[in-house]
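In what follows, a single structure is set out as structure tokens and then discussed.
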Ligand SMILES: *Cc1c(COP(=O)(O)O)cnc(C)c1O
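In my numbering, the protein residues as written are 25 to 388.
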């Protein structure tokens, strides 16, 4: 057992999830694989290559830098950039990345660059705001924006929006309103174009909850990595990542002795505690300390005690038969990232994407 923390990525599980998602959409529906944030904390390049080999024809990332990394690693498929920022627009062109245009301001900035470079039919996507109120042009701007785009040297490859509560139980009044807005957008698009751009609305949980709304494409991230935001949907998928680290030291404490910074934990009886080489700099935040987070060691649950340090944390192993070198599991296919995060009131997305590069990635 090596003396470091590992994120073990199971590529068979990735293929399983990909195939489950493919089976939920028909042959003509495009699967846009979302590999932003280092493929949800795993490894953007490695995962994009695997997904390419599995047949993925389209990728999406959040920012230009992520698309550039994929291009530099040899990914040739189209890459949609969800949230391009003004300072990154030249790079998008340089690396043949496809921006989502989400405001008149960004449209004008990008158009100016495309014209300066005398490009023709540069592929872009149009992001509409249907109620999430995060990013996107509003419906009352749509006509004006489409007029601008139609007279430009841009080619609108897709028009899309994003649901804010796609995992919520149906019927959901908020989602219903978003869908109605998107249907109005669809009408406008179909009326306007002989060869309309692709339309898409669904993220991972949307694919499970609203199979009737697949339109021309879906954008799936978390489900590729094994989660879909509801227990019964998760059951169809396999978490691809396991976070583990070896127990690196054991201490026998007397009643009254304390553990960690600021004496975060005090032994109420003679106790045995274990030390693990993972801390908040690795992505296990301080909210998991003081008995909130639970890890598994030799098949038994152990509480994280005291304050999580930057590079290490401590667990109570008084009732567990263990020795240094034994594997400590934060989450895996059985005790999942959902289970691990539930106690800290957060979601699988946060723990996965927060894992630092210091954790070694290995593949099986
Ligand atoms: C991140 C993101 C997705 C993927 O969402 P999942 O819930 O991970 O499937 C889809 N669309 C947009 C616009 C996103 O930002």
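Positions of the beta carbon are idealized from the N, C-alpha and C atoms, including for glycine.
Contact set for residue i: own chain, Cβ-Cβ below 8 Å, skip 5 residues either direction
i, result
"residue 278", "291, 294"
"residue 25", "Because residue 25 carries a pLDDT of 45, less than 50, the predicted location of this residue cannot be relied on, and no value is offered for it."
Status (buried if at least 16 other CB within 10 Å, exposed otherwise) for residue i
i, result
"residue 386", "exposed"
"residue 155", "buried"
"residue 381", "exposed"
"residue 89", "exposed"
"residue 158", "exposed"
"residue 106", "buried"
"residue 334", "exposed"
"residue 122", "buried"
"residue 340", "buried"
"residue 143", "exposed"
"residue 285", "exposed"
"residue 47", "exposed"
"residue 388", "exposed"
Distance cut-off 7 Å: residue i Cβ against heavy atoms of ligand 1
i, result
"residue 247", "yes"
"residue 80", "no"
"residue 243", "yes"
"residue 232", "no"
"residue 394", "The structure shown has nothing for residue 394, since the chain only spans 25 to 388."
"residue 205", "no"
"residue 153", "no"
"residue 228", "yes"
"residue 19", "Since the first residue shown for the chain is 25 and the last is 388, residue 19 is missing from the structure and cannot be characterised."
"residue 106", "yes"
Residue i (DSSP reduced to helix, strand or coil)
i, result
"residue 82", "strand"
"residue 320", "strand"
"residue 231", "helix"
"residue 254", "coil"
"residue 177", "coil"
"residue 275", "strand"
"residue 19", "There is simply no residue 19 to check, as the chain begins at 25 and stops at 388 in what is shown."
"residue 243", "strand"
"residue 397", "Look at the range of the chain in this structure, 25 to 388, and you will see that residue 397 is not part of it."
"residue 25", "Residue confidence is low: residue 25 scores 45 on pLDDT, short of 50, so the model does not pin down where it sits. Its coordinate-derived value is still stated next. Three-state DSSP puts residue 25 in coil, outside helix and strand."
"residue 149", "strand"
"residue 261", "coil"
"residue 304", "helix"
"residue 114", "helix"
"residue 121", "coil"
"residue 298", "strand"
"residue 312", "helix"
"residue 363", "helix"
Contact set for residue i: own chain, Cβ-Cβ below 6 Å, skip 5 residues either direction
i, result
"residue 359", "320"
"residue 311", "368"
"residue 30", "268, 384, 386"
Nonlocal neighbours in the same chain, by C-beta distance under 7 Å from residue i, ignoring five residues either side
i, result
"residue 44", "260, 261"
"residue 196", "189"
"residue 116", "88, 105, 108, 123"
"residue 127", "161"
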